[in-house]
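K.L.:
In terms of our numbering, the sequence shown opens at residue 554 and continues consecutively.
For each residue, glycine too, the CB sits at the ideal point set by N, CA and C.
Note that the coordinates shown come from a computational prediction; the quantities given were computed from them, not determined experimentally.
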Amino acid sequence: MVPYVPVDLYINLYLPSYSNLNAIGGWAYVSGGSKGIIIYRQTADVFSAYDRHCTHNADNPCGSVDVDSTSTYVECTCDGSQFQLYDGLVIKGPAAFSLKPYRTSYSLTSNVVHIYN
Ligand code: FES
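Below, the structure written as structure tokens:
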């Protein structure tokens with residue numbers, strides 16, 4: 554099982570490292586969670602965030618997911634599971650469970666996303 558790790562992060566979209574997130578469909582890696590977090594902009598004011606810790610075999614040290622080179626899905630090279638970049642849901646096994654989601658809230662005034670659990 555993917556471990557519970559407390560997450561309480563504020564992502565300032567004015568920072569250059571998060572500039573991709575200023576467009577809908579943009580994504581970024583964020584440090585935190587169990588093996589790092591992926592944040593994705595679904596709409597003008599809705600973001601998804603989920604852990605990079607693969608759900609197939611959570612004890613496997615190689616089980617960490619990356620966004621593919623065309624930014625269309627997320628993959629664990631360990632055993633080839635694929636997940637939707639949009640929300641971390643499973644596209645292709647062996648993983649049976651979605652990537653572990655975190656809550657998000659976005660403030661348009663400050664251009665900051667809060668990621669938490
Ligand atoms: S640990 Fe990720 S697919 Fe098996």
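#1: Flag this pair as yes or no: are the beta carbons of TYR593 and ASP640 separated by less than 9 Å?
#2: So is SER624 buried or exposed if we call it buried at 16+ other beta carbons inside 10 Å?
#3: Let's test the definition: count the other Cβ atoms within 10 Å of the Cβ of VAL599 and tell me whether it reaches 16, buried, or not, exposed.
#4: Inspect the beta-carbon positions of GLY585 and ILE668 and report whether they are closer than 9 Å.
#5: Since ASP621 sits in a beta bridge, which residues does DSSP pair it with?
#6: Rounded to the nearest angstrom, what separates ILE590 and VAL558 at their Cα positions?
#7: Just mark THR630 as buried or exposed, buried being the case when its beta carbon has 16 or more other beta carbons within 10 Å.
#8: Rounded to whole angstroms, how far is the Cβ of ASN670 from the Cβ of VAL560, which I believe are closer than 8 Å?
P.N.:
Result, derived from the coordinates:
#1: Reading the sequence shown from its first residue, position 40 is the one you call residue 593. Reading the sequence shown from its first residue, position 87 is the one you call residue 640. Contact: yes.
#2: Your numbering for residue 624 matches position 71 in the sequence shown. With fewer than 16 Cβ atoms within 10 Å of its Cβ, SER624 is classed as exposed.
#3: As a working mapping, residue 599 is identified with position 46 in the sequence shown. So VAL599 ends up on the exposed side.
#4: Here the question's residue 585 lines up with position 32 in the sequence shown. Here the question's residue 668 lines up with position 115 in the sequence shown. Yes, these two residues count as a Cβ contact at 9 Å.
#5: Locating residue 621 in the sequence shown gives position 68, where the first residue counts as 1. For ASP621, which the question treats as bridged, DSSP gives no partner whatsoever.
#6: On the sequence shown, position 37 is the one that residue 590 refers to. On the sequence shown, position 5 is the one that residue 558 refers to. About 11 Å.
#7: Your numbering for residue 630 matches position 77 in the sequence shown. With fewer than 16 Cβ atoms within 10 Å of its Cβ, THR630 is classed as exposed.
#8: Numbered from its first residue, the sequence shown carries residue 670 at position 117. Numbered from its first residue, the sequence shown carries residue 560 at position 7. Sure, about 5 Å apart at Cβ, within 8 Å.
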